[in-house]
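Each residue of the sequence shown is one higher than the one before, starting from 542 at the first, in the working numbering.
Note that CB positions come from ideal geometry on N, CA and C, so glycine has one too.
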Amino acid sequence: MKKIISLIIVLFFVLISFAQNWTEPVNVSNMDGFNQEPDFCIDNNGVIHCVWVHVYNSNFSKIFYSISYDDGLTWTTSENISLNEGERLSKPHIVCDSENNLHLTYDYNVYNVGETHIFYKKYDGANWSEPFVVSENMPGSRANKLVIDNNDRIYCFWYRSINNGTTFYKYLENNTWSDYFIPYDNNDFMAFNNCAVDNNNNSSLDWNTWL
């Protein structure tokens with residue numbers, strides 16, 4: 542019994558020694574007004590990249606971007622990377638590939654639900670690309686999600702509410718987008734929620750039901 546108690550005590554102190562110490566909150570955006578929907582990734586050099594939505598009014602917002610080189614303690618001046626002039630944007634998502642290229646998707650023109658699209662941009666370390674419409678010819682696409690697997694294949698999922706709703710996805714490989722696919726053909730307002738990729742590149746999906 543004493544040995545068991547001693548073992549429990551040792552394990553307790555080992556767990557304490559691995560406990561994380563959280564820093565005080567850091568203001569990443571450093572912008573007045575309404576900032577929301579942040580997302581971030583960490584590249585292979587340990588640099589943190591963060592994107593978020595800055596809202597100007599109910600039908601106008603932009604995507605901003607900032608970098609931290611010191612584990613999140615300080616951040617660069619916020620940069621407008623969407624460069625739009627009159628639309629409401631939402632749900633930016635960012636991932637980093639093995640060559641430290643950044644990949645960004647976001648919902649475009651969300652104030653006009655019937656005309657919403659999913660946009661994509663790439664950052665090569667020097668410049669952001671022009672936006673590419675992932676959901677081409679599919680107005681009403683929204684609620685994008687972005688996933689990268691272990692082979693640098695980029696998956697973009699989104700939801701389209703026409704005909705009671707369907708989730709679609711495309712993948713980007715060798716700088717070329719695939720045709721779209723339907724992971725689960727449904728007609729009952731089921732929307733893709735999230736995705737995870739394991740070490741064998743198997744993807745797991747979970748769903749929300751919109752009633």
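- Assigned with DSSP and collapsed to three states, Ile-703 falls in helix.
- A direct Cα-Cα distance of roughly 10 Å separates Asp-573 from Val-596.
- In the three-state DSSP reduction, Val-654 falls in the helix class (H, G or I).
- In the DSSP assignment, Tyr-647 forms a beta bridge with Phe-660.
- In terms of Cβ geometry, Ser-607 and Cys-591 form a close pair [threshold 8 Å].
- Taken through DSSP and simplified to helix, strand or coil, Ile-622 comes out as coil.
- Taking a 10 Å sphere around the C-beta of Thr-646, we find 16 or more other C-beta atoms and assign the residue as buried.
- Per DSSP, the unbroken beta strand (DSSP E) holding Phe-605 starts and ends at 601 to 609.
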